[in-house]
Structures are given as structure tokens and as C-alpha cells.
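Undergrad: What follows is a single structure, and I will ask about it in a moment.
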Amino acid sequence: MEYITVVGLEIHAELKTKSKIFCSCSTGFGEEENSQCCPICLGLPGTLPSLNKKVIEYAIRAGIGLNCEIARKSFMDRKNYFYPDLNKAYQISQYDKPLCENGHIQINDKRIGIKRIHIEEDAGKTIYTNEARLLNYNRSGVPLIEIVTEPDLSSSIETSECLEELKEILIYLDICDCKMEEGSLRCDVNINIESKDKTIRSNIVEIKNLNSFKAVKKAIEYEESRHRFLLRENKNTIRETRRWDENKKITVAMRKKEEAQDYRYFPEPDLLKIFVEESFIEEIRKGLPELPNEKRNRFILQYELPEYHINIMTKSKEMSNYFEEVVRTVKNPKMVSNFIISVLYKRLKDDRMDIEDLKYKIDDFVKLLELVVNGYISNNMAKKLYNIMHETGENPEIIMKEKGIIQLSNEKDIVKIVKEVLEENLKSIKDYKNGKKKVIGFLVGAVMKKTKGSANPQTVNEIILDILRKK
Amino acid sequence: MELYYKNIYEIHNMLRRKELSCEELTCTILNRINNIDEKLGAYLTIVKESLSEAKAVDRKIGNGDYIEPLEGIPYSLKDNISTRKIKTTCGSKMLENYISPYDATVVERLKKNILVGKTNLDEFGMGSSTENSAYKITKNPWDLTKVPGGSSGGSAAAVASGLCFFSLGSDTGGSIRQPAAFCGVVGLKPTYGLVSRFGLVAYGSSLDTIGPITRNVYDCALVLNHISGYDTKDSTSVNRGKKDYTKGLKNGVCGLKIGIPKEYFHDGIDNRIKEKIIEVVKELEKKGAIIIDVNLPHTKYGFFTYYNIATAECSLNLSRFDGIRYGYCKNEYDNLNELYSHNRTLGFGKQVKKNIILGTNSLIKTNYEKYYEKGAKVRTLIIKDFKEVFKKVDLLITPTTPTLPFGIGEKIKDPIKMYKSDILTINANISGIPALSIPCGFIENMPVGVQIMGGYFNEEEVLTCAYEVERMRGEITWNTSL
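As given, the protein sequences belong to chains A and B, one line each in that order. Everything in the first sequence is counted per UniProt numbering, starting at 1 for the first residue and increasing by one. Everything in the second sequence is counted per UniProt numbering, starting at 1 for the first residue and increasing by one.
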């Protein structure tokens, strides 16, 4: 029997605010245990939360970026359960009236529905050792948004694409740094399979706290085959919560859904209702950067690049900014993106670097490309030069000097070579006499080639003209 | 009159004129606590450092510096208001040795005052007699066999017996006004949002307020001046700028429209109390007030609404007390659930557990609609009642309590009767309006309180009317036989 996979995601994204959601403690990652806590984020008796306005702003940015309706009136709820790292024994979250609803995310030609985006506080962290459970509350009160998709995804690949796109959008929006290894982006997967006529289906299983895209993909694939196997055996999956075992590459049951807690949700009385003014939303909308999709469309129109190029040039905000900055001077988009992809991007990948880690200045990169465009150096030479720049951070002219790739600017030497070239290309001289001025370029190129790009093209140009006029 | 019964204004003048040092004053209070509090049981903690603070005030006066009208005045705090360096027990074994790392906003606002001690209360503010404290039973200063009311019974008893010049209590369903009525002092529950709750250990967050307990109306206004005002740390506090509540006190009631709500004079109320209140109303009429009979039709649902909301909120507010980070911890357990259950079984008292269970029950999925949500809907109706009535009248006058102070142990076995001692005060909390209780006379040598309620943020007229009642009633002769 053929089955369709049905996947829905719940994504927790940590917002990039400087301070926590209900107090002014820092949200910095990796600080000493329990050093970023105050009575409020520890939920000590008598403390009250006050909502950080930036959190609302960031959540609305996410909402707009994911095409949601933004609620004008919203409020916070208490979600109650006991756990040592949940210091108030309730999490302040949203249940009844989330801030954003009914959005979507576009991947390829498919729309994946976004059911809701709500804001909430993070809990602390429990560290298990053999002797004890240790509690670190630095993260308690860090603002999160939870993005809940509709069950519109139908494969592990599609899910990966959706997450990639989502990550890109959140980074473009500048509201989350999406570092999965630091827990700033976490994902729960709800999955089941159903037959095409929808008569047979497995029960939904939730896989909690996946912290890499790879794990998401593997876990979905594992579950797909597990569900298929069970259905084939005339059994069904249990409605349950599972976790991904990274070592064994399997999912493991955590708890049954039937045992799911009654969270006794209840409107948070310590916080006022959230009223969002239309003008506030407009202000945010106006301040939004161009999003990946918009940027892709613009790149297609403006730079006329092939799709492969577009995808890489818009892969990240930094990459696209870099590209556009270079193209502003070197007005050959295709050539620029070609060079970026085949040289710069490749080095970044090999060295596991980000664009902002590059040692040399962007101006030097521009200079390098100009040398190529103006025919001063060959592409091959540029590649070599680039690799040196990449490692040393020097500018291309200095490297050329140091490596002895000095431009030939001694006129006598150039004249000698020009004469050689002209002798080899008598037809060109004829053509020139007949008014074909274009041959100059060809001749300059030939001289450059002969000098392995070391002659100064400007000088070469002048000398050729001079000689031709005299002939 | 004994120094410890003088009003704040007199004491301020004596300090200013150097007829009295703050140290002497504080000593007098500490001595009196030392002498009589064993019988009364008003205090849980005495702040010995208060003497050195008093000396600092004296140095200031000695330097000829200006002191504010409330500065250097010894006061007490209900022990559910957080204080740095001084225990905040909430009358509970759960927080027996808990010292808050921060001061409540009201405490910060009273920094120039001398905190002499923290007063007894029903555990976490739950109760109407101060018999539910894990530590001691406070007694009524007018008759030691009677309760002082609750849950701010310790504060009201301390003020009534000259163990401080004023106290701060908290009022969730009448916990300031009912003990004020029982002890013959003035107790004000301000409009919700006028006084910051930051640092008040929460019972029912949407109902809780902090307010002053004093021996006279002027003192009450003075204290309100200091503790009221917007606080960024409490987002439910309201920014309305500073007001001087002592200014309009003498305005009189002439022309004020005073409503008498029929529903507050029902059969369950002691007839002698009703008569006393009617007398007050007639006197006010003579002073020019316009008396109007009004209706608050949803009053009778207040009881149901109150217990739904208060217990629901309390069940969540108290769930943080698990003994893991602070508070009571019995270190014998096999697993996490057992740790929770041991700590909460042994750390909480009966009344608190009862409320938590009631509240948990009304919030579980299958009951939410039936209880909590319905409560919230009725709440809206009660608020509407008040909004409507305050279009017609400026103030409402009612009894504060349905009975005179009852005997210790008398109602502890009958929870419904105990709950009902708040029946006349809870609707002000449900709706958030200001309400004050002021003694208007005595029956069987026990004080009787009249309750004055006003529209939102209309503390000024409430206090003006209270001031008139006080003027008509005359001075109270305090019980000095303690």
C-alpha cells in the first residue's frame, strides 16, 4: 500500500533580545551557572513579571515575515506543571489568544500553513549527573516564540526545506540567531502516515526536542518506516511522545499521550492584556528587511542570474549583501556570482567560515575582480591571488608585488613583446587599418597572455595604439 | 494620652521640635511590644535594628534637616510583604526561615520609616481570623478571648494596641477591612493598581491589594500618599501621577451622593450592626449628604465568584513552594514526586491545602467552564453593577462585617461561616474599587466598622467621608488595660 507522510512542526525560537522576557537580566549564552538571575526570573515569592516590549515587537516581526494575521488584542496564560527547572511551577505562555495566527511559508511551489506563533518564557536547565540533578536558571525567562505549522509537510526532504527556509527568514528578520547547537532553535515533530484514500492511518507521534536539521530528517525517516511496518503487521502506533536517540539513530518512547498532563491553562493575572496598535504593526512592517523570497525574486529580475546562482547569492543575508556590494562597482553580475561561487564560497565551505570572518577587505575583493574584468590578470591568476588573499588578508596588489607577479611596466620590455605579438597577428593590423578598432582588445589580451598577465594593460594599450598609428 | 497612642501628625511635630527623639519613640514602641505582645500575639518578628535606624533619623533632625511628615514613624508590616534581611514567613511553616533578597516596592517607599516588626497573619493571607497562622493565634486587643479578624489580624491588633503607629496589610477579600472593623481601626483597601503589589507574596493576584491600617483617617491618607503610585515592576499598577490625599479630608460630605445598597443589609447581618450603620447614614444626611437607595443585583454571586477566582489563582501562585530552591524541605524522598508531596504536605497548613485543592479543581479541563470561566463571567456582571451605581452616586455605605468579633475557635470548625465573615467586603476586590472600614461605635464593648466604597481611584472622597464619620463619632478611648 502506498502511504503519504503527514508532518507538522512546533518550532521554538529564542528571540535575540538583550534582556529576558519579564525582567532586565541578560540573555547571553554560556555564562557561569546561575549568574544571570534575579528574583523576578527566579520567580521568588512576591515578584511580578513585566513584559519586555521588544518581545512583542520581535514576535510581530516573525508574524509578518511568515504572513500571519497579527492579533490586535492578545494575552498571556499560565501553563501549569511541576518540574524543578520551572521555578514558578508554571510557564507564562499563550494559549487562548496567540499574538500571530494563520500564516504560511512558501517552499518551492508549496504553501505550508502556519497555525500560530505565540510568545513564552523559557525554563531553566536540568543537568543530570550520576550523583545529582543540577539546576541552572540562566535560561529561565529567556523569550521564545513557538511557531506551529499545519500538518502540511509530506516528506523529510520537504520538512528540511521548510526548516531551512524558516531559519533563513528568522535570520533575515534579525530576531533569532538560530544556533541549534546553543538551543536557540529547537524543533518538535508531529508525524503519522495515511493511505492515499485516507482510510488507513497511523496515530500521531510526537518527537520532542530535535536539535539539528539532520536529526529531524533522520527521525522522520525512521518514523515513516516504523509506522509503515506496524501498519503492515496490522498494528498501529501508540499516541505517544518519543525522543530521538542520536547514538542509536532511533526514536524511543518517552510517555503516552493519554498520560499527557492537564496544564490547567489560565489567563495570567499579573500581566495586562496586550493591545497592539495598528500603527505599531505598520511601523514594524515598514522597518522589515527584504525577506529571502522577495530578495530571490528581485535578484532574478535585476541581475538575470541562473537559478543556481540566485540560490547561493541569497543563501544568507551576509552573502547577498556581499554580492550586491561588489556588483555596485564590478558591473557584471554573472561574472561576480560566478567568481563568488567557484572561489569565495568554496573556500568558505572548505574552511567552515562565515562571510564575516574573511580576513581581507571587500574593497580588495572588488579590486581583484576589476583586475580580471579589465583583463589585467587571468581568471586563473585571480584564483591564485584570491587564495593568498584569503589566507593572509593582504590586498591583491601587494600580493602581486610580493610574489613577483609584478606588472610589467618597463616600456622597453613591453614594446618588445608588443612587436612580437603584432608580427604574429598581421591580419589584425590590416583589420585595424580597415577601421576595426575592436582588434585592440584582442591584441592587448594577447600581450597579457604572453606576459602571463604581468604587463600593465593600460600601458600595453597605449603602446599598441602608438605602434599601429605609426605603421 | 500615652505616647504610643498619639497620632502621626502629633508625633511628627514632637520629633521636629525635638521634644522627642526618634530613638525614644522607637524604644517606647519596642518596650510596649516587649510588655504586652506576649498576650496579644500580633508580631512574628521584631526588628532590633530599628533602634539604629532611629538614631540615624535623630542625627538628621540634629543637623537641622527637613523631615517629611511620615519620616521616622515606627510601623509594622504584614509578614507576607517581602523585606530584605528580615524574614518573610507568610505565617507558614513553608517559609519559616525564608529571607527575601529584595524589598517590596512599598517597603522601599517607606525607607525613611522605622520598621519595628512583621505581623502575624492567616497563612498566606487565607483566613478571616488570624487563627490559621503556623506560629500563633493573634488576639483581639478589646477582648483577648475574641479573634482580631483576618488575615491582617496581626497588623490591625498591633495598630489598635499601640504597638506601632501604622501598619500595612493586604486585602484579597476583606483582609484589611474586616480585621480593622474587629479591632476598631481604619483600614483601606485602595483601588486595584493604585499601590504596587511588587513584593507582596501573592494569594489571588487579580484581587490582592496592599493598604494602610491606622488609628485615624488623617494617618491613613498620609500613609497612602507614600505607598501609592505607579511602579514599573508591577504592570498592573496605574500611572496617575502623585496625589496628596490629606488635602481634601475636611471638604465635608455636603452634596455628596451616598448610596445605600439594599443587598448589604440582608438577614444574615447582625441587626445591631445594621442599626449602627443606619445611624451613621442619618448623621451624614444631616451634614448635607444626599442619601439614595440603590441596588447591586449581582452581590449575592460575589461569594461564589470570589472563591472560584481566589482559589484558582492561589493554586497557581503557591505551586512555586516546592522546597527545592528555598523554603521548607524534608530531605527524605525516593523520587521527585515524593519530594514535592512531602514538602507540600508538611509545609502547608490545612486552610492553604484546602484552597489549593479547590482552585486546582476549578481549573482542570473538565471543570474550567463550569467554575473558573463562569466565575470570570459573573465577575464582569458585578463590575457592571458597580459601574452603573457609581453613575448615580459618589459613594456607597454598608456594614464592614456581618457580625461582631467572634470568639477564638468559634468558627474554625465551620468554614462556610468563616468564609461568610468576608461577605460584605469581597465584592470590592472582585471589582477592584476602593473601600475603607472605619469604626463608627461600639456594641457590647466591641468595635463596629462601617464600610465606605467609592468608584475607581476615588480614594479622595472615600477618605473625606470617613473623616466626617470620624468627626461625628469622636475620639476612641483605646483599651489601655492590656
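Each residue gets a CB set at the ideal place from its N, CA and C atoms; glycine is no exception.
1. Straight-line CA distance for residue 160(A) to residue 244(A)?
2. Bridge partners of residue 256(A), per DSSP?
3. Can you tell me the Cα-Cα spacing of residue 298(B) and residue 429(B), whole angstroms?
4. Taking only the alpha-carbon atoms, compute the straight-line gap between residue 304(B) and residue 296(B) and give it to the nearest angstrom.
5. Does the region 158-165 of chain B come close enough to the region 174-194 of chain B to have 3 or more Cβ pairs within less than 8 Å?
6. In terms of residue numbering, what span does the beta strand (DSSP E) encompassing residue 185(B) cover?
7. Which chain A residues are close to residue 197(B), counting only those with a beta carbon under 9 Å from its beta carbon?
8. Does DSSP put residue 342(A) in a helix, in a strand, or in coil?
9. Listed from N- to C-terminal order along the chain, which residues in the region 71-100 of chain A have their beta-carbon within a distance smaller than 7 Å of any beta-carbon of chain B?
10. Looking at chain E, is there any beta carbon in it that lies within less than 8 Å of the beta carbon of residue 43(A)?
11. Identify the contact partners of residue 340(B) in chain A, using a Cβ-Cβ distance below 8 Å as the criterion.
12. Mapping DSSP to helix, strand and coil, what is residue 436(A)?
13. Count the other CB atoms within 10 Å of the CB of residue 261(B); is the residue buried (16 or more) or exposed (fewer)?
14. Scan the region 155-233 of chain A and note each continuous alpha helix (DSSP H) run of 4 residues or more that stays entirely inside, going in chain order.
15. What does a CB cutoff of less than 7 Å around residue 224(B) pick up in its chain, not counting 5 residues either side in sequence?
16. Rounded to the nearest angstrom, how far is the Cβ of residue 169(A) from that of residue 65(A), given a contact under 8 Å?
17. Flag residue 486(B) as yes if its beta-carbon sits less than 8 Å from any beta-carbon of chain A, otherwise no.
18. For residue 4(A), collect the residues of the same chain with a Cβ closer than 7 Å to its Cβ; drop the 5 residues on either side in sequence, then sort them by chain order.
19. In its own chain, which residues sit with a C-beta less than 6 Å from the C-beta of residue 51(B), not counting the 5 before and 5 after it?
20. Apart from the five residues just before and just after residue 236(B), which ones in its own chain have a Cβ nearer than 6 Å to its Cβ?
21. Counting only the same chain and skipping the five closest in sequence on each side, list residues whose C-beta sits under 8 Å from that of residue 397(A).
22. Taking C-beta pairs closer than 7 Å, name the residues in chain A that residue 428(B) reaches, listed in chain order.
23. With a cut-off of 8 Å on the beta carbons, I'd call residue 80(B) and residue 200(B) a contact; round off their distance for me.
24. Closer than 9 Å between beta carbons: that is the criterion. Which residues of the region 361-372 of chain A meet it against chain B?
25. Rounded to whole angstroms, what's the CA-CA distance from residue 73(B) to residue 87(B)? Just pull it up for me.
26. Roughly how far, in whole angstroms, is the beta-carbon of residue 426(B) from the beta-carbon of residue 174(B), given that I think they are within contact range, below 8 Å?
27. So who's on the other strand from residue 305(B), going by DSSP bridges?
28. If I measure Cβ to Cβ from residue 552(A) and keep anything under 7 Å in the same chain, skipping five residues before and after, which residues do I get?
29. Among 211(A), 212(A) and 242(A), whose alpha-carbon lies nearest the alpha-carbon of residue 226(A)?
30. Can at least three beta-carbon pairs, one atom from the region 133-147 of chain B and one from the region 30-46 of chain B, be found at a separation below 8 Å?
31. Considering Cα atoms alone, identify which of 325(B), 351(B), 354(B) and 453(B) is closest to residue 340(B).
32. Is there at least one Cβ from chain B nearer than 8 Å to residue 201(A)'s Cβ?
33. Quick one: Cα of residue 58(A) to Cα of residue 108(A), how far?
34. In chain order, what are the residue ranges of uninterrupted beta strand (DSSP E) at least 3 long that sit wholly in the region 363-440 of chain B?
35. If you measure between the beta carbons of residue 265(B) and residue 257(B), is that distance less than 8 Å?
36. On the CB-based measure, 16 or more other CB atoms within 10 Å of its CB, does residue 463(A) come out buried or exposed?
TA: Short version:
1. 16 Å
2. 240(A)
3. 14 Å
4. 16 Å
5. yes
6. Run containing residue 185(B): none; DSSP gives neither H nor E here.
7. 46, 48 and 270
8. helix
9. 78, 80, 82, 84, 87, 88, 89 and 90
10. Among the protein chains in the structure shown, which are A and B, there is no chain E.
11. 82
12. coil
13. buried
14. 156-173 and 213-232
15. 188, 190, 212, 245 and 459
16. 5 Å
17. The requested residue 486(B) is not part of the displayed model; chain B covers only 1 to 482.
18. 154, 193, 194 and 196
19. 26
20. 193
21. 367
22. Neighbours of residue 428(B) on chain A: none; closest Cβ ~17 Å, over 7 Å.
23. 6 Å
24. none
25. 21 Å
26. 6 Å
27. Its beta-bridge partners do not exist; DSSP assigns none.
28. Beyond the ends of chain A as shown, which are 1 and 471, falls residue 552(A); an answer cannot be given.
29. 242(A)
30. yes
31. 325(B)
32. no
33. 26 Å
34. 395-399
35. no
36. buried
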